[in-house]
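The block underneath contains the structure these notes are about, expressed in structure tokens.
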Amino acid sequence: MTIHYSPFTMSYQHIQQAAYDANMQLPRLGLVLFTFGNVSEADRSLGVFAIKPSGVPYEDLSPDKMVIVDFDGKLVQGKLRPSSDTKTHAVLYKHWEHIGGIAHTHSTYATAWAQSQRDIPIFGTTHADHNTVDIPCAAPMNDEMIKGDYEYETGFQIINCFDQKKLDYKETEMILVGNHAPFTWGKNAARAVYNSAVLESVAQMAYLTETINAKAPRLKDALIKKHYERKHGPDSYYGQ
Ligand SMILES: [Zn+2]
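If you read the sequence shown in this note's numbering, its first letter stands for residue 16, the second for the next number, and so on.
Right, here's the structure in full:
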């Protein structure tokens, strides 16, 4: 039997496969329960991203079920409804032009910090290896935003928080959305999922740190600087 693919279908397979692979990592890494969570991968030359369909259990997913949406959140291709968080992904892709993947989970420790409406303090070098700032927690949305286009406004809640705190989304690839849960991103979907796992681990360590010592100090500036330079400085050697 010969399978005839239309060029239209063919053109999205690479991001559908990448989005599928990344989504399947979430339950394997213990970052989601049931159908919680979603990951997307963008192709900027095509101006679209592939995202998990809404409400489909992970074991029933396949690459061809990933839904194709443009950066305005409009459906481009797919029989299933895209994830309910699709508009949040679309806003981030549209405004932050260097990201190629986004992940959203309700992982336990990161979500607990989000529900506590607290930034995660930088307590140690595990945190500093990935971020040299406290992991930001965006303020809960105001009532007007909640009553409006909720998922779309969540994207702006994230962008506004980065603007207010003068953070660079290319340096800090994660955020807690107050009263909700984390969003992470990166150059592709795999990197976004990696960041979700790192964030969950850092959130757990920070929680335990405060439990053991409620007055635990933040990491010393000299160590923060050292870790920043290890990654970015002229003599950077991190990751070799
Ligand atoms: Zn959510």
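Every residue, glycine too, gets a C-beta built ideally from N, C-alpha and C.
Predicted, not measured: the structure shown is a model, and the values here were computed from it.
Asked, Found
"Per DSSP, which one or two residues make a beta bridge with ASN53?", "HIS119"
"Should the region 163-176 be regarded as contacting the region 236-250, the criterion being three or more beta carbon pairs within less than 8 Å?", "no"
"Between GLN130 and the rest of its own chain, which residues show a CB-CB distance below 7 Å, the 5 nearest in sequence each way excluded?", "ASN194"
"Should HIS119 be counted as a contact of ligand 1 given a C-beta to heavy atom distance under 7 Å?", "yes"
"To which residues of the same chain is ILE83 closer than 6 Å at the C-beta, ignoring the five residues directly before and after it?", "TYR27, VAL63, ALA65, VAL91, GLN92, GLY93"
"Ends of the beta strand (DSSP E) at THR257?", "A query on residue 257 cannot be resolved here, the shown segment of the chain reaching from 16 to 255 and no further."
"Which residues does DSSP list as the beta-bridge partners of LEU191?", "CYS152, PRO197"
"Does ligand 1 have even one heavy atom less than 7 Å from the beta-carbon of ALA196?", "yes"
"Taking 8 Å as the limit between beta carbons, can you name the residues of its chain near GLN132, skipping five residues before and five after?", "CYS152, ALA154, PRO155, GLY193, ASN194"
"So GLN92 is in the beta strand (DSSP E); what residue range does that whole segment cover?", "90-92"
"Per DSSP, ALA65 forms a beta bridge with which residues?", "GLU56, ILE83"
"Under 8 Å, with one C-beta from each stretch per pair, do the region 109-119 and the region 203-211 reach the 3-pair mark?", "yes"
"Am I right that VAL71 and LEU95 are in contact with their C-beta atoms under 8 Å? What's the rounded C-beta distance?", "7 Å"
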